[in-house]
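**Q**
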Amino acid sequence: MPSPLHRLLLVLLLYTTTTTITTTTKLSCHALSSQPAVQQPPRTYHYFAFGSNMCTSTMTNLRNLSPLASTAAVLPCHELRFNIPGIVGIEPSSASVEPVEVTIASDNGRGEDDWIEEMVTNDQVVHGTLYTLDERDFATICQTEGVPFVYSLHRCRVIPYVGDGRRAGITSLKQVLWETLSMDAKGADGNKNSHSTTTTTTTKRITNSILQTHNRGIPAFTLRATHKQWRTMPDIPPSQSYLNVLLRGAMEYHLDEAYVTKLRNVKVGKTWVGDGLAEEMLRWAERRK
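Quick note on numbering: the sequence shown equals residues -20 to -1, 1 to 269 in mature numbering (1 follows the signal peptide of the UniProt record, and there is no 0).
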């Protein structure tokens, strides 16, 4: 039987051990809580601009944004529209894009390259500027463009220009579409798809989603008219001032000559004072800086 002294020593030993364990546990928890949190990489967005936002000055001076990167790009299977109503006599309309379905037929007389060229000729592609934006700037774009009341965010796939020649955009588009159509014809298993035939004529209905299916092009957001009646109604001729800002952006990024010519030939609407306000607003923002 242990003596009273032994009991006292045993109690002291147990108390010391318990205190040490408790202190160590507290220190360990403090060490864990004081470790810095793992930093997630900042989120970025690709935004395809086809209207006045094509112009870098619109983004930096008028909207006070700081794009992380920008390049010329082309959006296939879409058409440029001026169907966003503005203020009559001042700025009658703004630009938008609408998806279209393209039919490409190849036969013994005409190859797919000819039909891709025809798609371009029939205004079924839109050229513009592809921006990389941080989360704050992308939110600002949505706010300043009136998302979701005027515009809706529209997911798409765009193809960046390669080179700066007179047809750099279309050359890049042809290359990617050729590769995409070849992949689509083979199918995921490497065999021919059911819609591919051995007859002399093959018809393919192409939409922008085919690029998504085969992971081609750059995934991006662009802007489309929110209201369905706007999407189907005739275009409203824009002001010359607004169109000039589009042309400024198109020339800044060396968009294809044929597309710049198309923009120059857009019918403009009547304005009560001057040619509109878009250019003057941009100049004011530039002077303010």
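Quick reminder that beta carbons are idealized off the backbone N, C-alpha and C, glycines included. Remember, it's a predicted structure, so these values are computed and weren't measured experimentally.
Report yes if the CB atom of residue 134 is closer than 8 angstroms to the CB atom of residue 203, and no otherwise.
**A** Cβ distance < 8 angstroms, so residue 134 and residue 203 count as in contact.
**Q** For residue -3, which of helix, strand or coil comes out of DSSP?
**A** Because residue -3 carries a pLDDT of 43, less than 50, the predicted location of this residue cannot be relied on, and no value is offered for it.
**Q** In whole angstroms, what separates the C-alpha of residue 128 from that of residue 205?
**A** So the two alpha carbons sit approximately 9 angstroms from each other.
**Q** When you compare the CB positions of residue 222 and residue 32, do they come within less than 8 angstroms of one another, or not?
**A** Yes. Within cutoff.
**Q** I'd like the list of long-range same chain contacts for residue 138, defined as Cβ closer than 7 angstroms, with 5 residues on each side in sequence excluded.
**A** 28, 53, 54, 55, 110, 197, 198 and 200
**Q** May I ask which residues mark the beginning and end of the alpha helix (DSSP H) holding residue 232?
**A** 220 to 232
**Q** Let's see if you can read the secondary structure: which residues bound the beta strand (DSSP E) around residue 131?
**A** Under the DSSP assignment, residue 131 falls in the beta strand (DSSP E) whose first and last residues are 131 to 140.
**Q** With DSSP run on the structure shown, which of helix, strand or coil describes residue 109?
**A** Three-state DSSP puts residue 109 in a strand.
**Q** Residues in its own chain within less than 7 angstroms of residue 258 by CB, not counting five upstream and five downstream?
**A** 32, 71, 219, 221, 222 and 225
**Q** For a quick check, are the C-beta atoms of residue 215 and residue 61 less than 8 angstroms apart?
**A** yes
**Q** Do you know whose CA, among 153, 254 and 249, lies nearest residue 57's CA?
**A** 153
**Q** So which of 210, 217 and 156 has the shortest CA-CA distance to residue 312?
**A** Residue 312 falls outside the range modelled here, since the chain spans only -20 to 269, and no answer is possible.
**Q** Using only alpha-carbon positions, find the residue among 24, 213, 249 and 212 that is nearest to residue 116.
**A** 24
**Q** Helix, strand or coil, according to DSSP, for residue 37 in the structure here?
**A** helix
**Q** Does the beta-carbon distance from residue 104 to residue 82 come in below 8 angstroms?
**A** yes
**Q** Let me know if residue 146 comes out buried or exposed under the rule of 16 or more other beta-carbons within 10 Å of its beta-carbon.
**A** exposed
**Q** Rounded to whole angstroms, how far is the Cβ of residue 266 from the Cβ of residue 44, which I believe are closer than 8 angstroms?
**A** Actually they do not touch by this definition, with Cβ atoms about 12 angstroms apart.
**Q** Identify the continuous alpha helix (DSSP H) that holds residue 54 and give its terminal residues.
**A** Element bounds for residue 54: not the alpha helix (DSSP H) but the beta strand (DSSP E), 49 to 56.
**Q** Where do the ends of the alpha helix (DSSP H) carrying residue 204 lie?
**A** Here residue 204 belongs to no alpha helix (DSSP H); instead the beta strand (DSSP E) covers 198 to 205.
**Q** Output needed for residue 191: all residues of its chain with C-beta closer than 7 angstroms, excluding positions within five of it in sequence on either side, in chain order.
**A** Contacts found: 137, 160 and 197.
**Q** Look at residue 112 and residue 26 and say whether their C-beta atoms are less than 8 angstroms apart.
**A** yes
**Q** If we call anything under 8 angstroms between Cβ atoms a contact, is residue 73 one with residue 65?
**A** Contact flag set, yes.
**Q** Which of the three DSSP states is assigned to residue 61 in this structure?
**A** strand
**Q** Can you give me the Cβ contacts of residue 247 inside the same chain, cut-off strictly under 6 angstroms, excluding the 5 residues immediately before and after it?
**A** By the criterion of a C-beta distance shorter than 6 angstroms, residue 247 is surrounded in its chain by 217, once the five residues flanking it on both sides are discounted.
**Q** For a test of the three-state rule: what should DSSP assign to residue 24, helix, strand or coil?
**A** Residue 24 carries a strand assignment under DSSP once its states are collapsed to helix, strand and coil.
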